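If you read the protein sequences in the order shown, they are chains G and C. Quick note on numbering: the working numbering labels position 121 of the first sequence as 121, and the sequence is numbered without any gaps. To convert a position in the second sequence, counted from 1, into the working numbering, add 1000. Here a beta-carbon is modelled for each residue, glycine too, at the ideal position from N, C-alpha and C. Values in this document were obtained by computation on a predicted structure and should not be read as measured data. Down below is the structure, laid out as structure tokens.
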Amino acid sequence: MKITDTEKDNAVKRKFSIRAFTPDDIEAVVDMSRIHFPQCSLVSPGYLYETIDELYFKETLKIEGINSLVSVDENEVINGFLGVTPKPYLYQGEKVLGALCNHLMASDEARAALVPMRLLQEFLSGPQVFSFADGSVESTRLLWKRLGGEPSYSNSVYYKVPLRPMSFGTRPFQSHLPSSLRSSIKKISYGADFLFGVARLPLSYRIRPDLTLKPIETDGILTGLARVWKYFKLIPDISKKELSKLFELLDKDPRNGNLHKIGIWNKREVLIGWFIYYSSKGGVCEVMQAVSLPGKEAELFESITWHAFSEGGTELSGRALPSQIGTPFTTKSFSMPGRMWTLFHSKNDEICRALQSDGAFLTRIEGDLWLI
Amino acid sequence: MANATSKQDSVETRVHMVLCDLLLMDALDPDVDLFEEGYLDSMALVNLMMALEQEFGIVIAPEDLDMEDYRNPERIKAMISRMQAV
Chain G
1 MKITDTEKDN AVKRKFSIRA FTPDDIEAVV DMSRIHFPQC SLVSPGYLYE
51 TIDELYFKET LKIEGINSLV SVDENEVING FLGVTPKPYL YQGEKVLGAL
101 CNHLMASDEA RAALVPMRLL QEFLSGPQVF SFADGSVEST RLLWKRLGGE
151 PSYSNSVYYK VPLRPMSFGT RPFQSHLPSS LRSSIKKISY GADFLFGVAR
201 LPLSYRIRPD LTLKPIETDG ILTGLARVWK YFKLIPDISK KELSKLFELL
251 DKDPRNGNLH KIGIWNKREV LIGWFIYYSS KGGVCEVMQA VSLPGKEAEL
301 FESITWHAFS EGGTELSGRA LPSQIGTPFT TKSFSMPGRM WTLFHSKNDE
351 ICRALQSDGA FLTRIEGDLW LI
Chain C
1001 MANATSKQDS VETRVHMVLC DLLLMDALDP DVDLFEEGYL DSMALVNLMM
1051 ALEQEFGIVI APEDLDMEDY RNPERIKAMI SRMQAV
């Protein structure tokens, strides 16, 4: 008997279906995450469970039609996942609803059944005004584009600053060396970098005498954001409570190093910028958010590189805001457009223009990438 | 009538050619289920769509994207013919 196309469709629909993610699914998603995302195996399953629970169920807004999604097989076994969080924004003062997606994954079997594309298609057809994803890989960009989305080129420029040039330069090769040789090269690199430091080289890692750097709390950041947001059309609509909770989640993550929130004040004690990043002694310092008043990008860059250098970092890595392109963030660093992609999708042309230009305030914190 | 038939044959041949090029195969059963048999995953589908757009001079708009149109060569042929008729 020949199986008709409709029967085949139904068979596949039975085999793989997409539905909203529920708390009962967390354990399976934790297990999948530990297989598909190397950074997830660096923390305990219990930690991951708790974070996913907080991020997608306890701390997220509940908006009908915007849910994290899972794909399940005929036995209700989860074989695909897409994390989704509603994100309230303001577009020129008007409330608009954004939705962020991340953590797309699927088993080999599910990939063959186009589950990644189906998950993204389901997400993009939701009721949100715009959708976005941060830090996406090339394959996700291609799928996203095919489903009608766009990469935000201006929000996809990454930078790397070698804070300790010898350690930075030898780091990529070290993993291929035998451990004894690796250890020797590390020591020689540290020694050379120490001498560079004593000789005050490279000269860029210094702090201007008229600037004061000190830890900044949520209130201070919100004050700074209020000053900066007037230059943007599309800004997050976030409360102090939500921002504090986000910092709390970022702070307790053991994978990336120590979280620093540092404000920069000028001699008239005006906050001219701030940066939020993870310092990692001997490793990569990842910048979550580095923001300044317009025209103060050089001061911001000098402050953050100096701070990360002082904390023992080997390199500083981040994503430049569009306003930071052409400033030291890209001219005094290894600048990598499209190393990863910020993706967006919207039927609203004005919002698309804001996301494609420098009109949207979109830092790596908004992307939630660091939490799971 | 003969003309219409040869046009359809030509679409079929070209779809077959595009698929064989993409999947690095010499021949492909026209009834093969490209998803079930594991020939196409999401990325391969994106590549197939690009190749079909190039081969047939069509634009597959996101709102027209129905993944079931790509399940087998027959359906792909039908989808191309439908788009060419518009």
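Given this structure, state the Cα-to-Cα distance separating residue i from residue j, to the nearest angstrom.
i, j, result
"F57/G", "V29/G", "14 Å"
"I1060/C", "L142/G", "14 Å"
"S41/G", "I26/G", "15 Å"
"A133/G", "L362/G", "10 Å"
"S280/G", "N258/G", "7 Å"
"K8/G", "A320/G", "Low per-residue confidence applies at K8/G: pLDDT is 48, beneath 50, and the placement is therefore not dependable, though the value from the model is reported in the following sentence. Near 48 Å, if we compare the C-alpha coordinates of A320/G and K8/G."
"F247/G", "S17/G", "35 Å"
"I66/G", "P1062/C", "20 Å"
"I262/G", "P23/G", "36 Å"
"R255/G", "G282/G", "14 Å"
"T4/G", "F37/G", "With a pLDDT of 49 at T4/G, under the threshold of 50, the predicted position of this residue should be treated as unreliable, though the coordinate-derived value follows. Roughly 39 Å between the two C-alpha positions."
"L177/G", "T170/G", "11 Å"
"A20/G", "G126/G", "12 Å"
"M1079/C", "S1010/C", "14 Å"
"V1018/C", "H345/G", "30 Å"
Under a three-way DSSP split, which group does residue i fall into?
i, result
"K2/G", "Annotation note: pLDDT 42 at K2/G (below 50); position unreliable, coordinate value reported separately. Coil at K2/G, not helix or strand."
"Q289/G", "strand"
"Y159/G", "strand"
"D1021/C", "helix"
"A20/G", "strand"
"G83/G", "strand"
"E7/G", "With a pLDDT of 47 at E7/G, under the threshold of 50, the predicted position of this residue should be treated as unreliable, and no value is reported."
"A376/G", "With chain G running from 1 to 372 in the structure shown, residue 376/G is simply not present."
"E150/G", "strand"
"I35/G", "helix"
"A1002/C", "Any reading at A1002/C is ruled out, since the residue's pLDDT is 47, under 50, leaving its predicted position unreliable."
"I365/G", "coil"
"V12/G", "Confidence at V12/G is low in this model, with a pLDDT of 48, below 50, so its placement is unreliable and the value that follows should be read with caution. Three-state result, V12/G: helix."
List the residues of chain G that residue i touches, going by C-beta distances under 7 Å, in chain order.
i, result
"S1042/C", "R111, L114, P116, M117, L143"
"M1079/C", "Simply none; closest approach about 12 Å."
"M1049/C", "R146"
For residue i, go through chain C and note every residue whose CB falls closer than 9 Å to its CB, in chain order.
i, result
"S139/G", "S1042, M1043, V1046"
Using the beta-carbon of each residue, which ones in chain G are nearer than 8 Å to residue i?
i, result
"L1065/C", "Q121, R146, L147"
On the premise that residue j lies in contact with residue i, defined as a C-beta separation below 8 Å, what is that separation, rounded to the nearest angstrom?
i, j, result
"I325/G", "S154/G", "7 Å"
"M288/G", "K160/G", "Actually they are not in contact, since the Cβ atoms of M288/G and K160/G sit about 16 Å apart, beyond 8 Å."
"A124/G", "G148/G", "The sequence as given places Leu at residue 124/G; Ala does not occur at that position. Confirmed, Cβ separation roughly 7 Å."
"L48/G", "S33/G", "6 Å"
"A113/G", "F1056/C", "About 26 Å separates the two Cβ atoms, so there is no contact after all."
"M105/G", "G80/G", "7 Å"
"K296/G", "G318/G", "About 17 Å separates the two Cβ atoms, so there is no contact after all."
"S167/G", "T314/G", "4 Å"
Which chain G residues sit within Cβ distance under 9 Å of residue i?
i, result
"P1073/C", "Correct list: empty, because the minimum Cβ distance to chain G is about 12 Å."
Against chain C: residues of the region 157-182 of chain G by CB proximity under 9 Å: When C-beta distances to chain C are compared with 9 Å, every residue of the region 157-182 of chain G stays at or above that value.
Interface positions of the region 1013-1045 of chain C facing chain G (Cβ-Cβ less than 8 Å), listed along the chain: Cβ contacts with chain G: D1033, F1035, E1036, G1038, L1040, D1041, S1042, M1043, L1045.
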